[in-house]
Amino acid sequence: SGVIDTGIGYANNVGNGTQSKVGGTDSILGVSNVGFSGKEDLGGGLSAIFNLQAGFNPTTGAQSASGQLFSRNALVGLDSPGGKLTVGKQWNFNDDWLVGSIFKGGYNSGAIFKFSEFDAVSEIYNNTVKYVSPTFSGFQGGAMLGFGEAAGSVRSGQVYNLAGRYQQGPLLLAASYDHEQDGNASLISNGSLYKLVTLGASYGFGALTARLGYAHSDISGPGVFQSIPSQSARKAYAVEAGLDYAFTPAFTGSADAIYRKNTTLANNSKVYRLLGIYSLSKRTSLIANIAHLNNAGGASESLVATNSTAIGGGYANQSQTAVALGIRHLF
Amino acid sequence: SGVIDTGIGYANNVGNGTQSKVGGTDSILGVSNVGFSGKEDLGGGLSAIFNLQAGFNPTTGAQSASGQLFSRNALVGLDSPGGKLTVGKQWNFNDDWLVGSIFKGGYNSGAIFKFSEFDAVSEIYNNTVKYVSPTFSGFQGGAMLGFGEAAGSVRSGQVYNLAGRYQQGPLLLAASYDHEQDGNASLISNGSLYKLVTLGASYGFGALTARLGYAHSDISGPGVFQSIPSQSARKAYAVEAGLDYAFTPAFTGSADAIYRKNTTLANNSKVYRLLGIYSLSKRTSLIANIAHLNNAGGASESLVATNSTAIGGGYANQSQTAVALGIRHLF
Amino acid sequence: SGVIDTGIGYANNVGNGTQSKVGGTDSILGVSNVGFSGKEDLGGGLSAIFNLQAGFNPTTGAQSASGQLFSRNALVGLDSPGGKLTVGKQWNFNDDWLVGSIFKGGYNSGAIFKFSEFDAVSEIYNNTVKYVSPTFSGFQGGAMLGFGEAAGSVRSGQVYNLAGRYQQGPLLLAASYDHEQDGNASLISNGSLYKLVTLGASYGFGALTARLGYAHSDISGPGVFQSIPSQSARKAYAVEAGLDYAFTPAFTGSADAIYRKNTTLANNSKVYRLLGIYSLSKRTSLIANIAHLNNAGGASESLVATNSTAIGGGYANQSQTAVALGIRHLF
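Heads up: the sequence lines are chains A, B and C, in that order.
So in the numbering used here, the last one in the first sequence is 584, and the numbering has no gaps at all.
So in the numbering used here, the last one in the second sequence is 584, and the numbering has no gaps at all.
So in the numbering used here, the last one in the third sequence is 584, and the numbering has no gaps at all.
Below, the structure written as structure tokens:
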């Protein structure tokens, strides 16, 4: 099974911060992948599960992470009435419980996790053990630990993630805490920390769903982190509000506004995003997305990679508009 | 599904233009690949289609294009009574309509697309949109556009391809035009061009099929092209004539002669090729191929890569003979 | 189909030869892979066979051999009453006939093939032709040839392997000879040789199986070999004795002792290994493994890679203990 998500796109202010670009575009709603997954009943409510997902970019055929065959899940474990325990390379709970339902947005179409302080809003960690509880009265909790594998220090490069969600009728609430330890420091007492808290809620009113998400990032200093590039000490928060409306059973439109504020550097960014999904079938959809980014106070975030080397990938105070038209097909 | 095509081979004049080599040989008739493809009926004559093909070399297990999982097709799109529209990484029409039926030959067994000016006779392009018309009275047309994705210039690195073919009873006619723009030039007015025209015809007389193909290449100067290495301005043409004869239902023999002439540099190359395919079943064949190359006037083309760094991969005026024995299995 | 083998592990004396490490661990019993294989009946006892296996590490999703899609088999060929003939990238007979049944042990859990002179006890060779005979009264023989593909020298980089095994009731006997020619030498008369002889026996007494294996390695000098790093001339032998006992139908315990002696350098290493496998089903097992390595006389072997650059990957005269807990799932 798998999913292909690709099309064509336009973005302005890419080269030198002023030149526009037209080209193939991947990951409008999410990464393309081909995978193998399954469940074996072991009796007594116990089962063995596995999931291997090879991420790729259809426009070039390239692996989405260089040298990694199964860059988008490589897990195996046991599922039981007492919860699910898995090991391998695994997504964090933000991606599992908040990205698809609350934050939304794809890698090339305006997403909160593209902001420089918020990469861990959608991250897959190496060397992990992950536990997901059963659902009790709508509540579900989870914890994961990613080993840093540093000799002489259990904490160097270590990652952990705690999360919970609550679903009752039309209401979804979710929260997650990611904790990434600098993997560079030989003496862990000198290592920096990257901490990310996310909170999200969504509520459905018939054909309308309202979404509200919040993320707070605290980076204590430069370091080697699994999800973010090295950057000096800073704190930032981001808020996303979105609406999804099913105009017809086949056509859904979404509108989102994202506000990011780096309180340390006193800069901010805004993203406005419109998305239309027209389903030709359960497996095939046509996608149109437009996003506009505004940077202020010296912020240099980007929707689509430019040739700038600044943190965030864009040019200071420069805005950017990105349009994508594509197709998404599940098989 | 997939195909494995491999065996053992011999080539002379490889090391220093004089030493011979024996070894494993891939791609005697074509690249090995494993893939996923499918069609979903969307009703009203419309369907969603996809095709992902991972190219590999059985002798080493390596990916046939470094870092690319699906190097041999990564497309998704829609098929309808009005034609087929697909996006992704896709083969050009030369490969679709002329290589398998008219030019023939494999990567390690003497093929017209191995000549330095004729790589685009078999090429897969990145970032493409491709349209193939329905068939009208035996005629079918197609067009594809590959984005260069250069900031500030829509044309830099851009590729397009127009083609048509006509099939009626035993007759096949096909023509294609490839247009590749230099992807290096920041100011497109300075960019070089690579233009390739191909024409082909085949006709079946019972157990005998006669094939005739022509290609004309026009390279306006050095540049970064998707299919050819950078080379100075030059024009060249190549002609291939071939016969296939089905001696028995299981055994087919082919004989081809290829003549290449670089009119700018006044050099030329000839290839003579004999191929035997013995089918053990519809899925499994044994293959024997022998090809002889002759370079004249300073030409340095090659059948099999040598340690020369000259354009064409061979040594000036040196000949080469390559033999391959193998098996081809579809699954 | 495929297999995932991963978990968590601990090893001491990794960093600077003194620091310990905790982390994800792959290949406790063997490499994880996903593959495609099949057999096509061609009639008359003949069939076409193929096997493609993509090796990967679940802890990171990475390909187990960089750039190789099918690093753990890429073969195609014919099977017949007269034997099996295959071409491609293929495992040697040591791996086929001795590793799984006599030596045992995984890449991260204490195995004879981790010793610096004994890599060829488990090796996959490029560019090979392999023949396996039918079984005559319990005896089976095999031969394989791997081309070095060096221009001007058929022998440079060439590999061959001869082997036989005998199975009768509870008795298994196996022997293999690997011969690897230095691929670096332009004049083969100057090339070094790596020769490896292995002998093994196992016998089942009800729930108990006893295993005894021997390997002798002769490296004539530095060179570029397919399976071992370049090292000065040396000879070494290794002996492994092991017991497997099925405590219950679901639980098997194994105990092994391995002694390695480098007779040229007069150093030695010992490994003691305990393994428990608890089968939740035919497809799913839980694994616990503990191995202890002891180096003496200047030996610098390792169970798990350290940051030493010495031959063997460890620190001279340093011991190492490695523990792994994991799950193995076939699909």
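We put the CB at the ideal spot given by N, CA and C, even for glycine.
Bridge partners - residue i, DSSP secondary structure assignment
| i | result |
| --- | --- |
| lysine 488 (chain C) | C:Asp471 |
| leucine 446 (chain C) | C:Gln434 |
| serine 522 (chain B) | B:Arg513 and B:Asn548 |
| valine 412 (chain B) | B:Gly399 and B:Glu433 |
| valine 267 (chain A) | Valine 267 (chain A) is not bridged to any residue. |
| leucine 556 (chain C) | Answer is none; leucine 556 (chain C) lacks a bridge partner. |
| threonine 312 (chain C) | The partner list for threonine 312 (chain C) (beta bridge, DSSP) is empty, contrary to what the question assumes. |
| alanine 454 (chain A) | A:Leu426 and A:Leu465 |
| valine 256 (chain A) | A:Asn286 and A:Leu583 |
| leucine 533 (chain B) | Answer is none; leucine 533 (chain B) lacks a bridge partner. |
| leucine 528 (chain B) | B:Ser507 and B:Asn542 |
| leucine 495 (chain A) | Note that residue 495 (chain A) corresponds to glycine in the displayed sequence, not to leucine. Beta-bridge pairing links glycine 495 (chain A) to A:Arg464 and A:Asp509. |
Close-in-space but distant-in-sequence residues of the same chain around residue i (CB under 7 angstroms, 5 per side omitted)
| i | result |
| --- | --- |
| aspartate 372 (chain C) | Phe366, Ser480 and Ile481 |
| alanine 403 (chain B) | Ser409, Gly410 and Gly436 |
| glycine 255 (chain A) | Asn286, Val287, Gly288 and Phe584 |
| alanine 491 (chain B) | Ile365, Phe368, Phe371, Ala468, Ile511, Tyr512 and Arg513 |
| serine 485 (chain A) | Gly474 and Pro475 |
| asparagine 520 (chain B) | Ala549, Gly550, Gly551 and Ala552 |
| aspartate 294 (chain B) | Ser300 |
| phenylalanine 500 (chain A) | Gly506 |
| glycine 391 (chain C) | Tyr419, Gln420 and Gln421 |
Residue i, DSSP secondary structure in three states
| i | result |
| --- | --- |
| alanine 569 (chain C) | coil |
| serine 285 (chain C) | strand |
| glutamate 402 (chain B) | coil |
| leucine 539 (chain B) | strand |
| isoleucine 481 (chain A) | coil |
| valine 275 (chain A) | strand |
| alanine 575 (chain C) | strand |
| glutamate 376 (chain A) | coil |
| alanine 301 (chain A) | strand |
| serine 561 (chain A) | coil |
| alanine 463 (chain C) | strand |
| alanine 503 (chain C) | coil |
| alanine 318 (chain C) | coil |
| valine 382 (chain C) | strand |
| glycine 391 (chain C) | coil |
| glycine 476 (chain A) | coil |
Close-in-space but distant-in-sequence residues of the same chain around residue i (CB under 6 angstroms, 5 per side omitted)
| i | result |
| --- | --- |
| serine 429 (chain A) | Phe346, Asn347, Ala416 and Thr451 |
| tyrosine 360 (chain A) | Ser280 |
| threonine 381 (chain B) | Gln343, Met397 and Gly399 |
| isoleucine 257 (chain B) | Ser285, Pro311 and His582 |
| glutamate 376 (chain A) | Asn345 and Ser480 |
| glycine 395 (chain B) | Phe346, Val385 and Ala416 |
| leucine 449 (chain C) | Ala373, Asp431 and Ser470 |
Supposed close pair residue i, residue j - CB separation, criterion 8 angstroms
| i | j | result |
| --- | --- | --- |
| threonine 312 (chain C) | glycine 277 (chain C) | 3 angstroms |
| asparagine 515 (chain A) | leucine 528 (chain A) | The Cβ separation is near 26 angstroms, so there is no contact. |
| arginine 418 (chain A) | leucine 426 (chain A) | 7 angstroms |
| glutamine 571 (chain A) | valine 557 (chain A) | Rounded, the Cβ-Cβ distance is 12 angstroms, inconsistent with contact. |
| isoleucine 497 (chain C) | threonine 537 (chain C) | Residue 497 (chain C) is actually aspartate in this sequence, not isoleucine. Wrong, their Cβ atoms sit about 19 angstroms apart, outside the cutoff. |
| serine 507 (chain B) | asparagine 547 (chain B) | At roughly 19 angstroms, the Cβ-Cβ gap does not stay under 8 angstroms, so serine 507 (chain B) and asparagine 547 (chain B) are not in contact. |
| serine 317 (chain C) | phenylalanine 323 (chain C) | At roughly 11 angstroms, the Cβ-Cβ gap does not stay under 8 angstroms, so serine 317 (chain C) and phenylalanine 323 (chain C) are not in contact. |
| glycine 363 (chain A) | alanine 544 (chain A) | 3 angstroms |
| tyrosine 568 (chain B) | glycine 270 (chain B) | 3 angstroms |
Beta-carbon contacts of residue i that lie in its chain and below 8 angstroms, excluding the five residues immediately before and after
| i | result |
| --- | --- |
| glycine 298 (chain B) | Ser333 and Pro334 |
| isoleucine 261 (chain C) | Val275, Gly276, Gly277, Thr278, Ala577, Leu578 and Gly579 |
My parser needs the beta strand (DSSP E) runs of 3 or more residues fully inside the segment 321-374 of chain A; what are they? Qualifying beta strand (DSSP E) stretches, in chain order: 327-333 and 336-344.
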